[in-house]
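Here the structure comes first, spelled out in structure tokens, and everything after it is commentary.
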Amino acid sequence: MEIEKLKIIPFDEKYAQDFYDLNVEWLKKYFYVEPYDEKVLSNPKEYIINNGGYIFFALYKNEIVGVVSLINQKTFFELSKMAVPPKYQGKKIGKKLMQHCIGFAKSKGWDSITLYSHRSLESAIYLYKKIGFKEIPLEENSHYKRSDIKMLLKL
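Mapping of the sequence shown onto the working numbering: residues 82 to 236, in sequence order.
Spelled out as structure tokens, the structure:
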């Protein structure tokens, strides 16, 4: 795969099913699909875009090879719903999606980006730390039952 031929594109309704499929595949591989996930993934326009959030797709040779979203949580933006299909993992697509989100957030004048994750996802946590995310206290009633770490990147 030639990473320089990878394009990051904004949300388009025609890719909504890819957003759902890639995230559900990832969730089923590592965890399970929570009711909150099902709601958001089934209706990304309603729950993310119409609420002031953003979704980006990694496009390679007319195929969606990664997805990520920036969800407007009213007091902060959450980097979430990032997934890359197994055959494309290890090709720096996740890193490229994250870098795009960081550049996008800076262009919007945001102060920070927050994310929730799980410590068992060691390679993801390593990437987040390498990019500059720092661990912060996790609230007791996070909207994800599976999250056991919350991280913040100051921009």
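Note that beta-carbon positions come from the ideal geometry of N, C-alpha and C, so glycine has one too.
Query: Contacting residues, own chain, Cβ-Cβ under 7 Å from S193 (five flanking each side not counted); Result: F157, L233, L234, K235, L236
Query: Residue range of the unbroken alpha helix (DSSP H) whose run includes S201; Result: That residue, S201, is in no alpha helix (DSSP H); it is neither H nor E in DSSP.
Query: Beta strand (DSSP E) segments (min. 3 residues) lying fully within the region 115-162; Result: 135-141, 144-153
Query: Validate contact between the region 180-194 and the region 104-122 using beta carbons, cut 8 Å, 3 pairs; Result: no
Query: Inter-residue spacing [alpha-carbon to alpha-carbon] between A139 and N132; Result: 22 Å
Query: Where E221 sits in the DSSP three-state scheme; Result: coil
Query: Through-space distance from K177 to V148, alpha-carbon basis; Result: 11 Å
Query: Cβ-Cβ distance between S161 and I152 below 9 Å; Result: yes
Query: Reduced DSSP category for L208 - H, G, I as helix; E, B as strand; rest coil; Result: helix
Query: First through last residue of the alpha helix (DSSP H) which encompasses K176; Result: 174-188
Query: DSSP-derived helix/strand/coil call for K110; Result: helix
Query: Alpha carbon of K215 to alpha carbon of D229, nearest angstrom; Result: 14 Å
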